[in-house]
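A.B. asks:
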Amino acid sequence: MTTIETVTGRRPVSELGITLMHEHLLIGWPGWESDTAAPRYDRAEVRRKCVDRMAGLKQLGLGTLLDPCPIDLGRDVELAAEVAQATGVNIVCATGLYKEDQGAAPYFRFRSAFTDVVSEMTETFVRELTEGIGSSGIKAGVIKVATGKGQITAYERMVLTAAARAHKETGAPITTHTEEGTMGREQIDVLTAEGVSPQRIVVGHSCGSADLRYHTDMLDRGAYLGFDRFGLEIAQPDRLRLAALIGLLGIGFDKQIVLSHDSVWCWRGRPFDLPEHILPKWRPTHLFEEIVPALRGAGVPQEKIDNLLVHNPRRYFER
Ligand SMILES: [Zn+2]
C-alpha cells in the first residue's frame, strides 16, 4: 500500500480523495520580521481563519490539500497540523526553497562561495522528509522548487539540483513554481539531468501561459502540469486558463493535469486584505463553484474531471 506523509501522519494515497494541489494557509515574504510596526502576529486568529476556510472546503468534498510553502516563505507546519486535526482534511506540506528574488537566498548564496551548498541543501531537504521539520515530528511530503521569469539563476539551479538529489534519496515528488508561464521546460531539463522521472514532477503555474506548444512539450515528456492559479486573474485571465485546459483535455492529456488556485489565506507582517473587487474569484472554493461547472458546460466528461481532482494527485504521490 502506498502512503504519503501528511502533517498528521502517513495516509494511504488511495484515501486522499479530492485534492487541491497548490494552496497556502499562510505566507510571509522574507523580511516580514523587519516590519516591526506591524500589528502583533495573532496566531489564534490565523488558525481560526484557516479552520473556517478548510471546513468550507470540506463541505464541498475536499479530502486533501497540498500547501507547498517552501522553508523560507513563513511556513508553519504546526499550524497546518492543527487545521488538519480540527477539520479532518489531510494537509501535505513541503520542504524546499523559493525563487531567488523573493526567497531567502542570502544565507546559502553567501555560503556558496566557500562550501558545497548543494550538499547542505540536500541534507536539509532529506532531513525534513525523513526525520521531520524542526522538532515538530511533522514530515514534509513533497519538495518545492521555484524559478523566476525567463531565467533560472545560479542559486535556483542549486536548489533544483538539491531537490533532485533529495528526491532520489527519499522518493518524495517535486512541485515547482514558474513565473508567467516560463522556464517549465528548463526546470524539467535540470531535474531529469539529475535522474528525476518527469512523472514525479508537477510544473506549477503552467496555466500562466496559454501557449499550447509550451504545454505539450512538457506533457509529451510525461510531466504533470499545474493548472493551479484559477481565480488569480491579475496574472492570467481564467478564460485563457480554461481555453488551454479544455483544449489539452480534448486531445487526451486528462491524466497529467492537476488543479488549484494558489490562494493565500493569511499573511505574516502587516495585514494584506485585498479589496474584493481586485481579485473577486481568488478563493479556494472557486474551482468547485465556477471552474468545474464550466468544464462540464464545455462537454468535459465527469471521468476526466475525476482524473484532474482525484486520480492524478494520487498517481503523482504514489511511490
Ligand atoms: Zn504558491
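Using this note's numbering, the first residue of the sequence shown is number 662, and each one after it goes up by one. For every residue, glycine included, the Cβ atom is placed at its ideal position computed from N, Cα and C. Bear in mind the structure is a predicted one, so any value in this text is a computation, not a measurement.
1) Under the criterion of a Cβ to heavy atom distance below 7 Å, does D923 qualify as lining ligand 1?
2) Looking only at its own chain, which residues have a Cβ that is under 6 Å from the Cβ of S870, when we skip the five neighbours before and after it?
3) If you measure from the CB of H938, is any heavy atom of ligand 1 nearer than 7 Å?
4) Could you give the first and the last residue of the continuous beta strand (DSSP E) run that contains T748?
5) How far does the beta strand (DSSP E) with D985 in it extend, from its first residue to its last?
6) Any heavy atom of ligand 1 closer than 7 Å to the Cβ of H876?
7) State the DSSP-derived secondary structure class of Y702, mapped to helix, strand or coil.
8) What residue from E951, K805, V750 has the CA that sits closest to T785's CA?
9) Quick one: using the 10 Å Cβ neighbour count with 16 as the cut-off for buried, is L722 buried or exposed?
10) Excluding sequence positions up to five away, which residues of its chain have a Cβ less than 7 Å from the Cβ of A955?
11) If we count Cβ pairs, one from each stretch, closer than 8 Å, do we get three or more for the segment 798 to 817 versus the segment 757 to 770?
12) Do you know whose CA, among E684, R772, G802, V778, lies nearest G670's CA?
13) Report the three-state DSSP secondary structure of A755 (helix, strand or coil).
14) With a 10 Å radius around its C-beta and 16 neighbouring C-beta atoms as the bar for buried, classify R736 as buried or exposed.
15) Can you tell me where the beta strand (DSSP E) with V803 in it begins and where it stops?
16) To the nearest whole angstrom, what separates the beta carbons of H685 and L727, a pair I think is in contact under 8 Å?
17) Among E964, H947, Y768, A905, which residue has its Cα nearest to the Cα of L681?
18) Applying the criterion that 16 or more other CB atoms from any shown protein chain within 10 Å of the CB defines a buried residue, is F933 buried or exposed?
19) Pick helix, strand or coil for R882, following the three-state DSSP scheme.
20) Out of I799, L969, L893, state which residue places its alpha-carbon closest to the alpha-carbon of L909.
21) Can you list, in chain order, the residues of its chain whose CB lies under 7 Å from that of G865, leaving out five sequence neighbours each side?
C.D. replies: Judging by the given coordinates:
1) Yes, the beta carbon of D923 sits closer than 7 Å to at least one heavy atom of ligand 1.
2) Here the set comprises G842.
3) Ligand 1 never approaches H938 closely enough for any of its heavy atoms to be under 7 Å from the residue's Cβ.
4) Not the beta strand (DSSP E): T748 falls in the alpha helix (DSSP H), residues 738 to 748.
5) There is no way to answer for residue 985, as the model of the chain reaches only from 662 to 980.
6) Within 7 Å of the C-beta of H876 there is not a single heavy atom belonging to ligand 1.
7) The three-state reading of DSSP puts Y702 in coil, since its state is none of H, G, I, E or B.
8) With distances taken between CA atoms, T785 lies nearest to K805 out of E951, K805, V750.
9) In the sequence under discussion, the amino acid at residue 722 is Gly, which differs from the Leu named in the question. Exposed, because fewer than 16 other Cβ atoms sit within 10 Å of the Cβ of G722.
10) Counting only Cβ-Cβ distances below 7 Å, and skipping sequence neighbours, we find L903.
11) Two segments are said to touch when three or more pairs of C-beta atoms, one from each, lie closer than 8 Å; by this definition the segment 798 to 817 touches the segment 757 to 770.
12) For G670, the closest of E684, R772, G802, V778 by C-alpha to C-alpha distance is G802.
13) Three-state result, A755: strand.
14) Buried: at least 16 other Cβ atoms inside 10 Å.
15) V803 -> beta strand (DSSP E) spans 803 to 807.
16) Between L727 and H685 the Cβ distance is about 10 Å, and since that is not below 8 Å, they are no contact.
17) With distances taken between Cα atoms, L681 lies closest to H947.
18) Exposed, because fewer than 16 other Cβ atoms sit within 10 Å of the Cβ of F933.
19) Coil at R882, not helix or strand.
20) Considering only I799, L969, L893, the residue with the shortest C-alpha distance to L909 is L969.
21) Exclusion of the five residues before and after G865 leaves H683, T836, T837, H838, T839, G887, D889 as the residues of its chain whose Cβ lies within less than 7 Å of its Cβ.
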